[in-house]
Amino acid sequence: MSQQKLLSVVVSVYNEELSLPDFYATTKPILEACPWDYELLFVNDGSSDSSISILHQFAAENDKVKIVDFSRNFGHEAAMIAGIDHASGDGIICMDADLQHPPTSIPEIIAKFEEGYDVISMIRTAREDGGLIKKITSSLFYGVLNLLSPVKFEKNSSDFFAISRSVAQVLRKDYREKVRYLRGYVQSAGFRKTTLPFEAKSRIAGESKYNIGKLLRFSITTLCSFSDMPLKLGVYSGLLVAFFGLILMVYTIVNKVLYHVPSGYSTIIVAMSFMFAIVLMVIGVIGQYISVLFAEIKNRPIYIVKECTNLEGHTSGGIDNRR
Ligand code: UDP
Ligand code: MG
Numbered sequence: 000m001s002q003q004k005l006l007s008v009v010v011s012v013y014n015e016e017l018s019l020p021d022f023y024a025t026t027k028p029i030l031e032a033c034p035w036d037y038e039l040l041f042v043n044d045g046s047s048d049s050s051i052s053i054l055h056q057f058a059a060e061n062d063k064v065k066i067v068d069f070s071r072n073f074g075h076e077a078a079m080i081a082g083i084d085h086a087s088g089d090g091i092i093c094m095d096a097d098l099q100h101p102p103t104s105i106p107e108i109i110a111k112f113e114e115g116y117d118v119i120s121m122i123r124t125a126r127e128d129g130g131l132i133k134k135i136t137s138s139l140f141y142g143v144l145n146l147l148s149p150v151k152f153e154k155n156s157s158d159f160f161a162i163s164r165s166v167a168q169v170l171r172k173d174y175r176e177k178v179r180y181l182r183g184y185v186q187s188a189g190f191r192k193t194t195l196p197f198e199a200k201s202r203i204a205g206e207s208k209y210n211i212g213k214l215l216r217f218s219i220t221t222l223c224s225f226s227d228m229p230l231k232l233g234v235y236s237g238l239l240v241a242f243f244g245l246i247l248m249v250y251t252i253v254n255k256v257l258y259h260v261p262s263g264y265s266t267i268i269v270a271m272s273f274m275f276a277i278v279l280m281v282i283g284v285i286g287q288y289i290s291v292l293f294a295e296i297k298n299r300p301i302y303i304v305k306e307c308t309n310l311e312g313h314t315s316g317g318i319d320n321r322r
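Residue numbers are given in numbering that gives the first Met the number 0: position 211 of the sequence shown equals residue 210, and the series is strictly consecutive.
Encoded structure:
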């Protein structure tokens with residue numbers, strides 16, 4: 000008989016003291032009933048509440064619960080990749096701690112792994128929280144991203160996905176960017192892909208850590224790291240301005256020569272404002288890319304681990320993959 004396979008469930012945790020007990024109570028029986036052995040790997044992303052002591056309680060009663068504890072808050076993206084770096088499973092599932100990603104999907108995911116798939120993207124069929132604004136902004140984001148980027152992104156995809164060991168190995172070695180979008184790497188890495196639907200529930204407790212401002216910033220940097228189209232904006236807008244400029248020039252000369260109309264003050268103001276607006280916009284776009292470049296070039300670690308629990312034998316495959 001072949002050896003039993005191992006499933007790693009990576010859960011990012013940031014101030015989730017209210018959700019964690021429910022999450023663990025719901026997920027553990029599902030994992031124990033699965034045909035694969037499991038490890039439940041929590042990444043504590045610098046929580047300032049009692050999340051870490053709750054996690055230590057789980058780890059004390061169950062050595063399949065593992066903890067990677069960050070030195071401070073590094074963000075959800077850093078937490079997910081740290082979980083993948085420290086996971087040993089044949090298959091790895093990333094999910095949130097607030098039960099918005101239903102653990103009841105785990106058996107279906109294992110079935111897909113058994114069928115030989117390497118990337119299983121979970122697609123939201125309904126979204127119970129966030130309302131209309133989140134729906135519109137999310138579909139706008141994917142619309143623009145798909146328009147501008149050569150990689151095609153699954154609409155309604157989420158941070159709920161599963162990857163095989165081979166994909167995890169790619170993520171551990173490559174895609175070590177500082178400005179990160181894990182979902183994008185997973186979709187662009189290739190391999191055998193499939194999707195599964197799931198219904199996004201409301202958060203069981205606590206509040207969402209993302210607000211519109213944070214999401215907007217995140218969308219802009221993601222766009223910059225997956226498309227260089229905005230950078231070429233300068234060329235296109237330059238052509239556009241040149242075209243309008245030409246029309247304006249002909250118009251002014253004709254007016255002057257035929258009708259002796261003095262060249263207009265307002266024409267100058269309009270033309271100048273238009274051009275300055277375009278120049279400033281293009282500089283802004285370049286600034287966005289410089290800020291991404293700056294973050295990459297500094298090469299600071301994606302995350303810093305303070306302490307690991309129940310991960311004694313883990314070596315991260317011998318690579319220093321914090322960067
Ligand atoms: N999270 C994290 N670090 C952060 C913010 C969030 O690890 O800086 C975790 C959070 O604990 C949760 C998941 O990422 O498990 C998703 O966060 P949240 O539910 O706030 O986002 P939403 O589901 O509203 O998009
Ligand atoms: Mg959530």
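Cβ coordinates follow ideal geometry from the N, Cα and C atoms, glycine included.
Look at Ala-96: its beta carbon is less than 6 Å from one of the heavy atoms in the ligand UDP. Take Phe-152, set aside five residues on each side of it, and the residues of its chain with a beta-carbon closer than 8 Å to its own are Tyr-141, Leu-144, Asn-145, Arg-182, Gly-183, Gln-186, in chain order. Ile-29 places its beta carbon less than 7 Å from that of Pro-102.
Here Thr-124 is exposed, its C-beta having fewer than 16 other C-beta atoms within 10 Å. Nearest Cα to Val-64 within the set Ile-277, Val-291, Val-8: Val-8. Take the alpha-carbon of Val-281 and the one of Cys-223: they are about 14 Å apart.
In the structure shown, Val-178 falls within a coil segment according to DSSP collapsed to helix, strand and coil. With a cut-off of 6 Å, the C-beta of Gln-99 is classified as near the ligand MG, since at least one heavy atom of the ligand falls inside that distance. Cβ contact annotation for Gly-233 (same chain, cutoff 6 Å, sequence separation greater than five): Val-281, in chain order. Contact between Leu-6 and Gly-82 does not hold, since their C-beta atoms are separated by about 13 Å, which reaches or exceeds 8 Å. The straight-line gap separating the alpha-carbon atoms of Asp-44 and Ser-272 is approximately 46 Å. Distance from the C-beta of Ala-78 to the nearest heavy atom of the ligand UDP is below 6 Å.
The C-beta distance from Ser-165 to Ser-120 rounds to 16 Å, too long to meet the 8 Å contact threshold.
Residue pairing by DSSP puts Tyr-37 in a beta bridge opposite Leu-6.
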